[in-house]
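**Q**
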Amino acid sequence: NKEFPDYRNYGITGSYKKIYDTLFIRGLETIKRTFKLDYNLDKLYNLQQLDLYGNQIEEIPKEIGQLQNLQQLYLNSNQIKEIPKEIGQLQNLKELWLRNNQINIKEIPKEIGQLQNLQKLYLYDNEIKEIPKEIGQLQNLQQLWLSDNRIKEIPKEIGQLQNLQKLYLNKNQIKEIPKEIGQLQNLQQLYLNYNQIEEIPKEIGQLQNLQILYFRSFWIKMI
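Each residue of the sequence shown is one higher than the last, beginning at -13 in the numbering used here.
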């Protein structure tokens, strides 16, 4: 058996079914245009980082939930249409990147709230229409990127994210900011520009650690 602690930038084609028993893989990265995410992921029980940016992946198999040691999952710039509910089984996941999937991801499964160790969630540049209320269960979340989607409403549960530092909701269709936004005591950056917001709630003044606030929009009538 061979061990590759940092497995990156190799020109491998096809499936990994035949080598699961002979490789100790900690990271897969930059397997451009040649990789199919097959259904034997459960064999990669030691995998900590999975980076498949810029491939032609159309589906995340439900077996992804069996990667119990996975900490970082990068699936940007693919053709993914749906996030499986099994994503919520990744109890050690700290970073989830699913941006720019050909505007195909339309909803976030409620099971996302089970990722208690998640620190960074990147879902911008898709076609997401709704943020589930379970988002408020992500007590360790520090960065939430949902820019450039079709979101119309921010759930009041957003105020439960006590460790959130950066919140990107610009370029959506949001009309109202919930007053619970004022509960985000650790928030440092808030981006809400290019929405349909007409009024800024007074609770925004409670954000004592806020350093950057973007409201670039022609819809605002009252501050």
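All C-beta atoms in this analysis are idealised placements derived from N, C-alpha and C, irrespective of residue type, glycine included.
How would you call Q35, buried or exposed, if buried means at least 16 neighbouring beta carbons within 10 angstroms?
**A** Indexing the sequence shown from 1 puts residue 35 at position 49. It is buried - the Cβ of Q35 has at least 16 other Cβ atoms within 10 Å.
**Q** Assuming N126 and L104 form a contact by the criterion Cβ under 8 Å, report the distance between their Cβ atoms to the nearest whole angstrom.
**A** Within the sequence shown, residue 126 is the residue found at index 140, counting from 1. Within the sequence shown, residue 104 is the residue found at index 118, counting from 1. With 8 Å as the limit, N126 and L104 qualify as a contact, their Cβ atoms being about 6 Å apart.
**Q** Are the C-beta of I66 and some C-beta of chain B separated by less than 8 Å?
**A** Here chain B cannot be found, since the structure has a single protein chain.
**Q** So N172 packs on N135, CB below 8 Å; how close in whole Å?
**A** Residue mapping note: residue 172 aligns to position 186 of the sequence shown, counting from 1. Residue mapping note: residue 135 aligns to position 149 of the sequence shown, counting from 1. Not a contact, Cβ separation roughly 24 Å.
**Q** I need the DSSP call for E184, collapsed to helix, strand or coil.
**A** Indexing the sequence shown from 1 puts residue 184 at position 198. The answer is coil: DSSP assigns E184 none of H, G, I, E or B.
**Q** What did DSSP end up calling L27 once you bin it into helix, strand or coil?
**A** Position 41 of the sequence shown, counted from the start, is the residue given in the question as residue 27. Helix at L27.
**Q** Using alpha carbons as the reference points, say which of P164, L59, I160, L193 lies closest to N149.
**A** In the sequence shown, counting from the first residue as 1, residue 149 sits at position 163. Ranking P164, L59, I160, L193 by Cα distance to N149 puts L193 first.
**Q** How far does the beta strand (DSSP E) with E81 in it extend, from its first residue to its last?
**A** Counting from 1 along the sequence shown, the entry for residue 81 is found at position 95. Counting along the chain, the beta strand (DSSP E) containing E81 begins and ends at 81 to 83.
**Q** Count the other CB atoms, across all protein chains shown, that sit within 10 Å of the CB of N64; report buried if there are 16 or more and exposed otherwise.
**A** In the sequence shown, residue 64 corresponds to position 78, counting from 1. Buried: at least 16 other Cβ atoms inside 10 Å.
**Q** Rounded to the nearest angstrom, how far is the Cβ of Q58 from that of E72, given a contact under 8 Å?
**A** Against the sequence shown, residue 58 aligns to sequence position 72. Against the sequence shown, residue 72 aligns to sequence position 86. 17 Å between Cβ atoms; not a contact.
**Q** Using the rule of at least 16 other Cβ atoms within 10 Å of the residue's Cβ for burial, across every protein chain shown, is G74 buried or exposed?
**A** In the sequence shown, residue 74 corresponds to position 88, counting from 1. Taking every protein chain shown into account, the CB of G74 has 16 or more other CB atoms within 10 angstroms, so this residue is buried.
**Q** Just mark I(-2) as buried or exposed, buried being the case when its beta carbon has 16 or more other beta carbons within 10 Å.
**A** The residue you call residue -2 lines up with position 12 of the sequence shown. Note on I(-2): pLDDT 48, under 50, position unreliable in the model; no value is reported.
**Q** According to DSSP, is Q102 helix, strand or coil?
**A** The residue you call residue 102 lines up with position 116 of the sequence shown. Q102: coil per DSSP, three-state reduction.
**Q** With C-beta atoms as the reference, is G122 less than 8 Å away from I144?
**A** For the purposes of this step, residue 122 is taken as residue 136 along the sequence shown, with counting starting at 1. For the purposes of this step, residue 144 is taken as residue 158 along the sequence shown, with counting starting at 1. Going by C-beta atoms, G122 is nearer than 8 Å to I144.
**Q** Using only alpha-carbon positions, find the residue among I114, E120, N87 that is nearest to I98.
**A** For the purposes of this step, residue 98 is taken as the residue at position 112 of the sequence shown. It is E120.
**Q** On a Cα-Cα basis, can you pick out the residue from L53, Y180, L61 that is closest to G40?
**A** The residue you call residue 40 lines up with position 54 of the sequence shown. It is L61.
**Q** Taking Cβ positions, are Q182 and I160 nearer each other than 8 Å?
**A** The residue labelled residue 182 in the question sits at position 196 within the sequence shown. The residue labelled residue 160 in the question sits at position 174 within the sequence shown. In this structure, Q182 places its C-beta atom within 8 Å of the C-beta atom of I160.
**Q** Mind checking whether I117 and L132 have CB atoms under 8 Å apart?
**A** For the purposes of this step, residue 117 is taken as the residue at position 131 of the sequence shown. For the purposes of this step, residue 132 is taken as the residue at position 146 of the sequence shown. Against a cut-off of 8 Å, the Cβ pair of L132 and I117 comes out as a contact.
**Q** With a CB to CB cut of under 6 Å and the five nearest residues on each side skipped, what residues in its chain are close to N158?
**A** As a first step, residue 158 must be located in the sequence shown, where it is residue number 172. Once the five neighbours on either side are set aside, the close Cβ partners of N158 are N135, I137, N181.
**Q** Compute the Euclidean distance between the alpha carbons of Y154 and R85, then round it to the nearest angstrom.
**A** For the purposes of this step, residue 154 is taken as the residue at position 168 of the sequence shown. For the purposes of this step, residue 85 is taken as the residue at position 99 of the sequence shown. Distance between Y154 and R85, taken at the CA atoms: about 13 Å.
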